[in-house]
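Asks: Attaching a single structure in structure tokens format; questions to follow.
Residue numbers (my numbering), protein chains in the order written: chain L, 1 to 457; chain F, 458 to 914.
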């Protein structure tokens with residue numbers, strides 16, 4: 001079995017693979033801070049050189065920001081494009097780190113060995129799982145499998161300003177049959193996961209104005225409208241008593257969960273008590289007739305992310321505020337149309353305004369949900385290939401947040417994405433003491449070998 | 458007619474009275490700023506000397522803060538105690554003044570002559586209306602009328618910290634049949650007013666906590682409770698659709714307006730369109746079945762004075778906040794019991810909390826409403842005495858805000874207060890360019906001569 005040979009090679013080479021990752025982690029490629037521009041460049045160079053050592057036709061491609069790394073390996077069959085990012089988050093507050101974030105090491109912990117350092121999990125460690133799988137493949141077979149494109153970005157942690165223009169300019173070169181994105185996590189510690197749905201996001205900010213200036217609540221309280229009360233009524237009316245959102249037409253395009261996914265999700269035995277208990281909660285607070293996983297992954301939400309108005313300092317001030325403000329966002333699923341919802345939401349609010357009140361709006365982004373085409377046979381091939389590597393079989397899961405890259409690959413390249421990653425919930429990404437379990441790294445490499453085998457056969 | 462002689466004397470002496478007020482205004486008696494302590498002392502000395510020139514047995518009385526000025530004139534009949542305050546507000550921002558606030562002058566304006574300077578209206582000008590009425594009386598009659606006590610405070614603009622202890626220690630000395638407080642305004646420009654009801658104030662601050670920390674609204678939104686939404690629902694439920702407050706037992710002790718007051722208030726022809734129009738409003742927003750004057754003076758309110766939670770900065774942050782905060786106050790009337798209302802309000806909120814939410818409270822003061830005993834015949838005597846001096850007859854009015862002094866006189870001295878003042882709405886008290894109309898000063902002095910005559914007969 002050629003796959004077995006590749007897996008054995010991965011096992012033997014793990015110490016060297018770890019050393020290579022540590023080399024990459026030592027490069028201080030913080031993308032948001034212009035002081036680290038040269039380090040970002042150096043990380044890109046390092047990756048170009050490493051890909052070339054695998055026989056990949058790789059190069060650094062300039063952008064107005066940090067460079068892209070693009071590499072090709074021609075071949076037959078399904079065209080796979082692999083995406084990761086080589087930039088990392090800033091490291092402050094530095095005093096909360098137990099070690100130099102850019103002097104990474106293997107550490108023994110009660111839960112096993114971990115690689116500790118900035119970017120160990122997000123995303124250099126994850127990116128290298130794929131590269132190391134390719135390296136082992138080449139060592140055994142003398143060449144890489146199938147038709148591969150490597151695409152590494154250096155601006156993911158700073159909003160990816162160059163990504164969309166780059167994708168548009170190079171669409172023909174980057175288009176593939178399926179994109180493999182390694183920037184997500186396991187489900188629990190034992191279940192490999194393919195994210196097949198990501199919620200979209202619509203952000204709105206509103207300011208309700210009543211009186212022309214702040215008033216004294218003794219001199220004006222009674223006949224004068226209070227915009228904080230008006231705003232509170234509007235927010236209170238955004239959900240009915242069963243937790244459903246009341247914006248007209250809001251549920252247009254919200255699909256019921258397909259039976260196949262429902263049974264997979266049920267099999268996950270999601271421990272919502274532990275999930276909520278971790279943040280001091282116990283009772284699922286969303287739509288009454290939905291499971292907690294549905295609430296998180298396949299149902300839309302409406303949240304108040306911020307509210308303010310009147311006096312917020314120490315003590316008391318009997319002000320009747322002239323204005324009240326809120327930032328409100330909607331997580332979207334299925335084919336919900338953010339622009340239609342924005343329109344209906346605004347109209348709903350405006351229709352509720354009492355006399356003497358006006359509202360001003362600020363739009364804060366509107367991205368639809370991503371739903372992967374799991375009818376693409378690559379999905380089930382990958383899922384079945386992943387399962388033998390882990391204690392529990394692989395599952396299609398959802399993601400409550402938004403990962404825009406999958407949407408861009410679909411809309412600009414017409415390429416479906418599979419999000420497969422091996423991070424754990426306690427990896428402390430974006431925080432001090434980031435780590436990647438050595439087992440995540442090792443099994444991650446082996447997982448990609450299995451997926452490569454299945455998808456390039 | 459002896460009153461006519463006194464009024465004539467007032468007219469003749471007006472230039473000298475104005476000069477004396479200007480002398481007093483030049484003393485920089487800002488009570489909140491320790492740098493002006495000696496100036497406060499100087500103002501008290503000035504008043505002691507001026508009272509002594511009227512034959513009053515006056516003295517400066519030390520307190521832990523600024524001194525009180527107390528003076529007595531023995532005599533027969535109704536014992537009248539006159540209250541005013543010699544301290545003034547700070548003057549910043551100084552650059553918004555058109556003149557030195559402590560170099561007051563008479564200015565010609567399109568609306569007539571005004572005395573411009575800090576304290577001209579609040580309260581040195583008003584305080585001196587009474588003193589000047591006494592001076593004219595003494596000039597004509599050789600002595601002051603009746604039994605008078607003068608009581609001037611120097612800490613009114615800094616929360617009167619020494620007042621209650623001083624009243625308690627000197628209750629027997631200060632107790633009178635009626636207190637005359639000159640620190641309020643006319644109703645409109647032409648109607649002298651006696652304030653007979655002042656609303657009380659109950660302040661509450663609450664913090665609702667849901668999750669143990671701020672959450673990512675993508676990763677937790679759906680099953681996780683949002684305390685801003687909980688708070689909004691609570692606030693939205695504090696009023697019913699007719700504007701009535703829903704706290705259980707809230708209207709216990711809210712009296713209907715006596716017929717005598719209702720007809721007086723109707724006669725005031727309160728222009729609520731102009732009142733609300735001045736702050737950009739048009740529609741009375743309080744209880745649906747009440748007149749705007751009732752909403753302001755004789756009906757209780759519940760207002761949100763401040764609200765905050767989550768992200769309030771520029772842009773957007775998809776946080777699901779751990780906490781939401783509000784400052785909420787109630788204006789109270791009649792015999793509403795602030796402590797009972799606090800208890801019922803807290804219970805009502807706590808009963809509405811969904812699972813996983815808790816509430817913390819901060820109490821911010823609880824003072825009941827003041828209702829003067831207008832059955833005391835001094836009230837109608839004063840009202841009838843005031844009327845001939847002004848274009849329109851005097852009226853009993855209410856006050857939406859709280860003036861604690863009247864409550865202290867009642868509770869500590871068992872003395873009813875009559876609040877009679879001649880300030881106008883555009884006097885800019887507490888603001889740059891404070892002024893007192895020369896007509897307010899002149900007619901105010903004449904008004905007190907008439908009231909003194911009526912009450913000491």
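Just so it is clear, CB atoms sit at the ideal spot from N, CA and C, and this is done for glycine as well.
1) Pull up the distance between the alpha-carbon of residue 538 (chain F) and that of residue 221 (chain L), whole angstroms please.
2) Nearest chain F C-beta to residue 312 (chain L) closer than 8 Å, yes or no?
3) My guess is that residue 29 (chain L) and residue 159 (chain L) are in contact by the Cβ rule of under 8 Å, so how many angstroms apart are they, rounded?
4) Distance cutoff 8 Å, beta carbons only. Does residue 272 (chain L) sit that close to anything in chain F?
5) CA-CA distance, residue 180 (chain L) and residue 40 (chain L)?
6) Answer with buried or exposed for residue 599 (chain F), where buried requires no fewer than 16 other C-beta atoms within 10 angstroms of its C-beta.
7) Which residues, taken in chain order from the stretch 295 to 310 of chain L, show a beta carbon closer than 7 Å to some beta carbon of chain F?
8) In chain F, which residues lie less than 9 Å from residue 220 (chain L) when you measure between Cβ atoms?
9) For residue 89 (chain L), which three-state DSSP category applies?
10) Span of the alpha helix (DSSP H) holding residue 898 (chain F)?
11) Residues of the stretch 315 to 334 of chain L in Cβ contact with chain F at a cutoff of 9 Å, in chain order, please.
12) Look at residue 518 (chain F) and residue 527 (chain F) and say whether their C-beta atoms are less than 8 Å apart.
13) Give a yes or no on whether 8 Å exceeds the smallest Cβ distance from residue 884 (chain F) to chain L.
14) Whole angstroms are fine: how far does the CA of residue 592 (chain F) sit from the CA of residue 844 (chain F)?
15) Interface residues of chain F around residue 211 (chain L) at Cβ under 8 Å?
16) Can the beta-carbon of residue 614 (chain F) be found closer than 8 Å to that of residue 758 (chain F)?
17) Just verifying my parser: in three-state terms, what is the DSSP assignment at residue 197 (chain L)?
18) Work out the CA separation of residue 374 (chain L) and residue 258 (chain L) for me, nearest whole Å.
19) Spatial neighbours of residue 681 (chain F) within its chain, please: C-beta separation below 8 Å, excluding the five flanking residues on both sides.
20) Contact defined as beta carbons within less than 8 Å: I believe residue 740 (chain F) pairs with residue 356 (chain L). What is the distance between those atoms, to the nearest angstrom?
21) Note down, in chain order, every chain L residue with its Cβ under 7 Å from the Cβ of residue 683 (chain F).
22) Would you give the residue range spanned by the beta strand (DSSP E) that residue 420 (chain L) belongs to?
23) Can you name, in chain order, every residue of its own chain whose Cβ lies under 7 Å from the Cβ of residue 52 (chain L), other than the five neighbours on each side?
24) Can you give the Cα-Cα distance for residue 752 (chain F) and residue 733 (chain F), rounded to whole angstroms?
25) How would you label residue 744 (chain F), buried or exposed, when you count the other beta carbons within 10 angstroms and need 16 or more for buried?
26) Would residue 440 (chain L) pass as a contact of residue 201 (chain L) if the rule is Cβ separation under 8 Å?
27) Can you grab the Cα-Cα spacing for the pair residue 689 (chain F) / residue 236 (chain L), in whole Å?
28) Of all the options L:18, L:293, L:190 and L:213, which has the alpha carbon lying nearest to the alpha carbon of residue 227 (chain L)?
29) Pull up the distance between the alpha-carbon of residue 476 (chain F) and that of residue 583 (chain F), whole angstroms please.
30) Residue range of the beta strand (DSSP E) that residue 530 (chain F) falls in?
31) Among the residues of its own chain, which have a CB less than 6 Å from the CB of residue 393 (chain L), if the five just before and after it don't count?
32) Out of curiosity, what's the CA-to-CA distance linking residue 587 (chain F) and residue 606 (chain F)?
33) Taking the alpha-carbon positions, what's the residue 165 (chain L) to residue 199 (chain L) distance?
34) Terminal residues of the continuous alpha helix (DSSP H) containing residue 335 (chain L)?
35) Helix or strand or just coil, what does DSSP make of residue 410 (chain L)?
36) Taking 8 Å as the cut-off, decide whether the C-beta atoms of residue 66 (chain L) and residue 98 (chain L) are in contact.
Replies: Walking through what the data contain:
1) 32 Å
2) With 8 Å as the cut-off, residue 312 (chain L) counts as an interface residue toward chain F.
3) Not confirmed; about 16 Å, so no contact.
4) When Cβ-Cβ separations below 8 Å define contact, residue 272 (chain L) makes contact with chain F.
5) 23 Å
6) exposed
7) Here the close residues are 295, 296, 299, 301, 303, 304, 305, 306, 307, 308, 309 and 310.
8) 732, 733, 736, 738, 753 and 857
9) coil
10) 895 to 912
11) 315, 316, 317, 318, 319, 320, 321, 322, 324, 325, 326, 327, 329 and 331
12) yes
13) Among the residues facing chain L, residue 884 (chain F) is not included, as its CB has no counterpart in that chain under 8 Å away.
14) One C-alpha to the other measures close to 22 Å.
15) 736, 737 and 738
16) no
17) Here DSSP, grouped into helix, strand and coil, assigns residue 197 (chain L) to strand.
18) Those two C-alpha atoms are separated by around 11 Å.
19) 667, 668, 672 and 777
20) 6 Å
21) For residue 683 (chain F), the neighbours in chain L by C-beta distance under 7 Å run, in chain order, 303 and 304.
22) 416 to 421
23) 58
24) 13 Å
25) Flag for residue 744 (chain F) reads buried.
26) no
27) 6 Å
28) Checked all of L:18, L:293, L:190 and L:213; the closest Cα to residue 227 (chain L) is L:213.
29) 15 Å
30) 525 to 530
31) 387
32) 12 Å
33) When rounded, the distance between both Cα atoms is 23 Å.
34) No alpha helix (DSSP H) holds residue 335 (chain L); DSSP gives it neither H nor E.
35) helix
36) no
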